[in-house]
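Following my numbering, the numbering of the sequence shown begins with 815 at its first residue and continues without gaps.
Have a look at the structure below, then the notes.
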Amino acid sequence: MISTLDFSTNPRASILIIYTGGTLGMDYNEHGALVPCDFERIVARVPVLKELNINLSVTSFSPPIDSSNVNSKHWVQIGRLIEENYEKFDGFIVLHGTDTMAYSASALSFMLQGLNKPVIFTGAQLPIALPRSDGRENFVTALEIAADKREGVPIISEVCVFFNHLLLRGNRSKKVESRHFDAFESENYPVLAEAGIVIDYNFTALKAYKAANTLRFFPELSNDIVVLKLFPGINEKTVAHILSVPNLRGLVMESYGSGNVPHQPWFLNLLESAVNKGVVVLNVSQCNGGNVIQGKYESSSALNKLGVISGRDLTTEAATTKMMHAFGSYNSIDEIRDCLIHSISGEMN
Ligand code: ASP
């Protein structure tokens, strides 16, 4: 159900807020404990919402969830809400827990292609009920950005994360901090905007608005994938076990540095037989910044021959959700590999 909070008689934009839960929306219950609360309580805690000159409509997850519980069904729910209401609103705000926000924003960037409107994820490190909450600032500025237009068209036409003054491309973002307010960064792509006294947009980094774009919604996602993080001493039994998971279709391999892996025969043989069985292997780095360059060192040169796909500068969050999207949307290995090799929503260089 969507309810409209008709605050403004002559609004400059109409925004749909999708409230999924997370720390931002927590408030005290009758026993003094913080629990996810209804959206009306959030409005009461952020009275300035009434003064933004933006028409706000809201729909909530019922009940709101901690984002550690997010799964692909929730992404379909968010994507469907945006697809069904795409023509009615100028932009969309997703209030979401920070823990898995980078995964959700990445997934939605692959599920909603041809976007011409802003979809901005935001949340908070401290509940809105607390005096020092960062939630008010994050929420209000995200709304301002979603409403911003230049020459009559939205400035933002992609899926983003707004947090602690920074607007980041969603599929480049990563949660890197659980204590301080600067929870997100985007090591491999410039900040899209910085909110100070004014909102300073980095126009050359933004995805360009194209009048001819039409929204294409890809609701199918596959969960038959696994992420394998390498560590010195990882043993054959463990890798063999992971690669023998029934119905496994894709492996996101978190390698070292610029894409390096141990070059012991047992390891390479296991990868080879997985690829031969049809498992698609995508190589991403454990480093937040930089690129996978297969073949730069001897310890990665075998990977090209084995058919391992270089994830270049993808984050693990983007690699994981891109694989889920690729296996959900395409059938043949060639189409899946093609989807993984090319950038589809600005997720890699
Ligand atoms: N556990 C919370 C969540 O992700 C943390 C947060 O919102 O910051 O829902």
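The beta-carbon is built from N, C-alpha and C at its ideal position, and this holds for glycine as well.
Bear in mind that the values here come from a model prediction, so they are computed numbers and not experimental data.
Residue i Cβ short of 6 angstroms to ligand 1 heavy atom set
i            : result
residue 905  : no
residue 936  : no
residue 836  : yes
residue 911  : yes
residue 918  : no
residue 1181 : There is no way to answer for residue 1181, as the model of the chain reaches only from 815 to 1163.
residue 948  : no
residue 881  : yes
Rounded C-alpha distance that separates residue i from residue j
i            : j            : result
residue 821  : residue 869  : 6 angstroms
residue 1024 : residue 900  : 16 angstroms
residue 867  : residue 824  : 7 angstroms
residue 1085 : residue 1144 : 23 angstroms
residue 1125 : residue 911  : 27 angstroms
residue 1140 : residue 1068 : 19 angstroms
residue 1123 : residue 1113 : 15 angstroms
residue 1118 : residue 942  : 49 angstroms
residue 907  : residue 1102 : 26 angstroms
residue 933  : residue 1051 : 43 angstroms
residue 1063 : residue 1147 : 10 angstroms
residue 1138 : residue 936  : 23 angstroms
residue 894  : residue 1083 : 42 angstroms
residue 834  : residue 915  : 11 angstroms
residue 1115 : residue 861  : 58 angstroms
residue 1016 : residue 903  : 24 angstroms
Own chain, CB closer than 6 angstroms to residue i, minus 5 neighbours either side, in chain order
i            : result
residue 1009 : 955, 979
residue 1127 : 1002, 1105, 1162, 1163
residue 1110 : 1072
Residue i in three-state terms, based on DSSP
i            : result
residue 927  : strand
residue 1114 : helix
residue 959  : helix
residue 885  : coil
residue 1074 : strand
residue 840  : strand
residue 1024 : coil
residue 849  : strand
Beta bridge counterpart(s) of residue i as assigned by DSSP
i            : result
residue 983  : 974
residue 861  : BP columns for residue 861 are empty, so no partner.
residue 1132 : Answer is none; residue 1132 lacks a bridge partner.
residue 935  : 908, 975
residue 1037 : None, per the DSSP bridge assignment.
residue 998  : 989
Cutoff 7 angstroms; reference residue i; Cβ partners in own chain excluding five residues on either side
i           : result
residue 948 : 938, 939, 940, 978, 995
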